[in-house]
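To start, the structure itself, in structure tokens.
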Amino acid sequence: MSYLLKRIAFYLFTAWAAITINFFVPRLIPGDPVQALITKSRGQMTTEAVQSLYVLFGLDKDESVIEQYFRYWGQLLRGDLGLSFTFFPSPVADVIGDGLPWTVGLVGITTVVGFLIGTAAGTVVGWRRGSWADLLIPVTTFVSSIPYFWLGLIAITLLTGRGSFFPASGAYDTGLVPGWDWEFIGSTLRYGLLPAATILISSMSGWILSMRNMMVTVASEDYVTVAHAKGLSERRVMVGYAARNALLPNVSGFALSLGFIVGGTLLVEIVFSYPGLGLQLFQAVGAKDYPLMQGIFLIITLSVLLANFLADVAYLVLDPRTRREG
Amino acid sequence: MSDAVLEVRDLNVDYGLGDDAVRALRDVNLTLHRGEVLGLAGESGSGKSTLAYGLTRLLPPPGVVRSGEVFYHRDGGDPVDVLRMSHAELRRFRWAETAIVFQGAMNSLNPVHRIATQLTDVIKAHDARSTRASRLDRARELLSLVGISADRLDSYPHQLSGGMRQRVMIGMALALEPKVVIMDEPTTALDVVVQRQILRRLVDLRERLGFSVVFITHDLSLLIEFSDRIAIMYGGRIVEEAASARLYRDPLHPYSQGLLNSFPALRGPKRELTGIPGSPPDLRAMPSGCAFHPRCPRATERCGVEVPVLGVPEGRVQHSDHRGRTVACLLHPVHDNGF
Chain X
5 MSYLLKRIAF YLFTAWAAIT INFFVPRLIP GDPVQALITK SRGQMTTEAV QSLYVLFGLD
65 KDESVIEQYF RYWGQLLRGD LGLSFTFFPS PVADVIGDGL PWTVGLVGIT TVVGFLIGTA
125 AGTVVGWRRG SWADLLIPVT TFVSSIPYFW LGLIAITLLT GRGSFFPASG AYDTGLVPGW
185 DWEFIGSTLR YGLLPAATIL ISSMSGWILS MRNMMVTVAS EDYVTVAHAK GLSERRVMVG
245 YAARNALLPN VSGFALSLGF IVGGTLLVEI VFSYPGLGLQ LFQAVGAKDY PLMQGIFLII
305 TLSVLLANFL ADVAYLVLDP RTRREG
Chain P
-5 MSDAVLEVRD LNVDYGLGDD AVRALRDVNL TLHRGEVLGL AGESGSGKST LAYGLTRLLP
55 PPGVVRSGEV FYHRDGGDPV DVLRMSHAEL RRFRWAETAI VFQGAMNSLN PVHRIATQLT
115 DVIKAHDARS TRASRLDRAR ELLSLVGISA DRLDSYPHQL SGGMRQRVMI GMALALEPKV
175 VIMDEPTTAL DVVVQRQILR RLVDLRERLG FSVVFITHDL SLLIEFSDRI AIMYGGRIVE
235 EAASARLYRD PLHPYSQGLL NSFPALRGPK RELTGIPGSP PDLRAMPSGC AFHPRCPRAT
295 ERCGVEVPVL GVPEGRVQHS DHRGRTVACL LHPVHDNGF
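Same order as they appear, the protein sequences are chains X and P.
Position 101 (the first sequence) corresponds to 105 in the working numbering; numbering is contiguous.
Position 30 (the second sequence) corresponds to 24 in the working numbering; numbering is contiguous.
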């Protein structure tokens, strides 16, 4: 338990460091948000408007950096991430709140499902080494080396178009009002199918490959031979002895990929114009929308940290050797 | 013989298939009697472990049993050929009748399961009607049998020392009261003191429970002390088989003599230790005739041509401890092929 507490302390420290860097980096960039807005409106702003913008962004007061830093923390704890330029005058928190469910829904679910299916398939393929199942390996090696945005582009070219079942962009039929009714959910599923399949295919292959290779390694371990000699059922040997041990390296890989859900699928969301965080980040970068970028980076950092923490916990549960006595 | 539990008949094991196959075991015949400790000794690569894996059908690929029979004699039943059992029969047979203690004391236990789980899953697999409580009781009993306190049931393998792990493995081997326990260098990875403790416990247990042991090691001195009979292997064949006292006092095969001369005797006059010159044969390119002849101090020209057959040596007094004595060497003409 003390190990877990140490890890928690470590992650809290890392989170603090990340948030602090997140505070300082935009302040190191020359200019300020108001200047950026003035440039954006090509100078067509009255002095009063400029002044009111300074007030709005909280830049009118003559505060020291330390004071600003504490105020930033205060705002953060209230969930206030400032105002977005691109979606002005929506608060960044609301903008992220709009995008996050789509990203987590699409990429989160496919990442988890891809891991589960890939690991299960890798277990079986690795266990039946030397049979027809090995034919799957060159295919998965090939597929896993294709970047998924490219797979997405191919899918759009081949499968979408006039009269096709698959829409080429968006997350739901724009004619519908978002809500928990069957029509909207159905539309969401239909729009999500193609991007989901794209991510699933390419991420799954990677899991199959690594799990298969670990299974082959573990299958020659002494304890697996012992399990056979004990007359345990094939299933029990495969799952309880071989796969249970082969899984361990995959678990940390999985946790890392969880952390990249938010940041890593930017390209898929761009390709499919899927209204998630990735697309927002893309827009924010294009519009020099510092508050939004800052907010999204914060979410990415925190989700990587959370994923790492989950990996630590999973490892503690799965591998008794990492548990320290005390 | 009527009191046999395990009979190996003309067992041939290859690694690989076709012409490139390496012949790891050649026409091995071996009989294990009820309640005896049969030692199997030889250099690395002589086929000791392959024999253990072969007769339990645990050969890792690319190992294949090319021909032969392994008869297991059930109590009051007809002998069954282990090599021809169906998968389901084999699964029931394994551990219940023949258990194995493997070479790697360190890696024989699954690192992610508790000792209790690993001791009880084998009972559950063979007796689906047993209750969880009865299985745990049995696991506790097994640990006390090998001198480990019952609170170790909740430990993970990495929390035990090497000697304890190997004792757990021995306890596990006895879980279903098998009639045969095969031990493949069970103490090689342990220090001499722990080795002694484990072997002493093993001898005690065998006297109490009455199982037979096939004990595989390269340490012939150990076998002379602990086993009833010893079979010496060389290049995939058994070259000599005798009661251990007899083998110690009167080894017939020059290879056995060489092995015996390579360790010091505890008592008696000091003598010079001599090893066996040369190195073990390459199984892919075995010498013609007797496989040992290139290293044999007493080899004649005939040895390079003729393959000696394992048989009962002529002219030896048929002493009680000569029972079952066989040798495969041209220096010792044999009566017949011994069976």
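Here a beta-carbon is modelled for each residue, glycine too, at the ideal position from N, C-alpha and C.
Residues of the region 20 to 51 of chain P whose Cβ lies closer than 8 Å to any Cβ of chain X, in chain order: Thr50.
Residues of the region 101 to 112 of chain P with a C-beta atom less than 9 Å from some C-beta of chain X are Asn101, Ser102, Leu103, Asn104, Pro105, Val106, His107, Arg108, Thr111, Gln112, listed in chain order. For P:Asn6, DSSP records a beta bridge to P:Ser61. With contacts defined as CB atoms closer than 9 Å, X:Gly299 and X:Ile100 qualify as a contacting pair. For P:Arg231, the secondary structure class from DSSP, reduced to helix, strand or coil, is strand. CA-to-CA, the gap between P:Ser282 and P:Thr211 works out to about 27 Å. For X:Ile189 and X:Ile33, the gap between their C-alpha atoms comes out near 43 Å. Residues of the same chain with a CB within less than 7 Å of the CB of X:Ala288, apart from the 5 flanking positions on each side, are Thr90, Leu296, Met297, Ile300 in chain order. Note on X:Ser88: 16 or more other CB atoms within 10 angstroms of its CB, so buried under the neighbour-count rule.
For X:Leu322, the nearest beta carbon of chain P is closer than 9 Å to its own beta carbon. For P:Tyr66, no CB of chain X lies under 9 Å from its own CB, so it is not counted at the interface with that chain.
Looking from the CA of P:Met166, the closest CA among P:Asn104, P:Ala15, P:Gln191, P:Leu34 belongs to P:Asn104.
Note on X:Ile303: 16 or more other CB atoms within 10 angstroms of its CB, so buried under the neighbour-count rule.
For the pair P:Tyr150 and P:Ile109, the CB atoms are nearer than the 9 Å cut-off. Residue pairing of P:Asp69 in beta bridges, as defined by DSSP: absent, with no partner found. Closer than 9 Å to the CB of X:Thr229 there is at least one CB belonging to chain P.
Counting only unbroken stretches of 3 or more residues, no beta strand (DSSP E) element lies wholly within the region 178 to 258 of chain X. X:Tyr7 has a beta carbon lying at 9 Å or more from every beta carbon in chain P. P:His120 belongs to the set of residues whose beta carbon lies under 9 Å from a beta carbon in chain X.
Taking a Cβ-Cβ cut-off of 7 Å, the neighbours of X:Asp226 in chain P comprise Phe96, Gly98, Asn101, Ser102, given in sequence order. The shortest CA-to-CA distance from P:Asp21 to any of P:Ser124, P:Leu49, P:Asn6, P:Leu170 is the one to P:Asn6. Residues Ala159 of the same chain have their beta carbon placed closer than 8 Å to that of X:Ala201, with the five preceding and five following residues left out of the count. DSSP places X:Ser88 in no alpha helix (DSSP H); its state is neither H nor E.
Taken through DSSP and simplified to helix, strand or coil, P:Asn23 comes out as strand.
Contacts with chain X at 9 Å (Cβ-Cβ) do not include P:Phe209. Closer than 7 Å at the C-beta level to chain X, one finds no residue of the region 186 to 197 of chain P. Under the Cβ criterion of 9 Å, X:Ser94 is not counted among the residues facing chain P.
Contact annotation: in the region 290 to 310 of chain X, no residue has its CB less than 7 Å from a CB in chain P. Residues of chain X with a Cβ closer than 8 Å to the Cβ of P:Tyr150 are, in chain order, Pro324, Arg325. Distance between P:Ala93 and X:Lys234, taken at the CA atoms: about 7 Å. In the DSSP annotation of this structure, the continuous segment of the beta strand (DSSP E) that includes P:Asp178 starts and ends at 174 to 178. Interface flag for P:Arg88 against chain X is set, since a Cβ pair is found closer than 9 Å. Distances from the CA of P:Asp115 to each of X:Val255, X:Trp211, X:Asp102, X:Tyr245 were compared; the closest alpha carbon is that of X:Tyr245.
The Cβ neighbour count for X:Ile25, taken over all protein chains shown within 10 Å, is under 16; the residue is labelled exposed.
Closest in C-alpha terms to P:His287, from the list P:Val233, P:Arg278, P:Ser238, comes P:Val233.
The three-state reading of DSSP puts P:Thr268 in coil, since its state is none of H, G, I, E or B.
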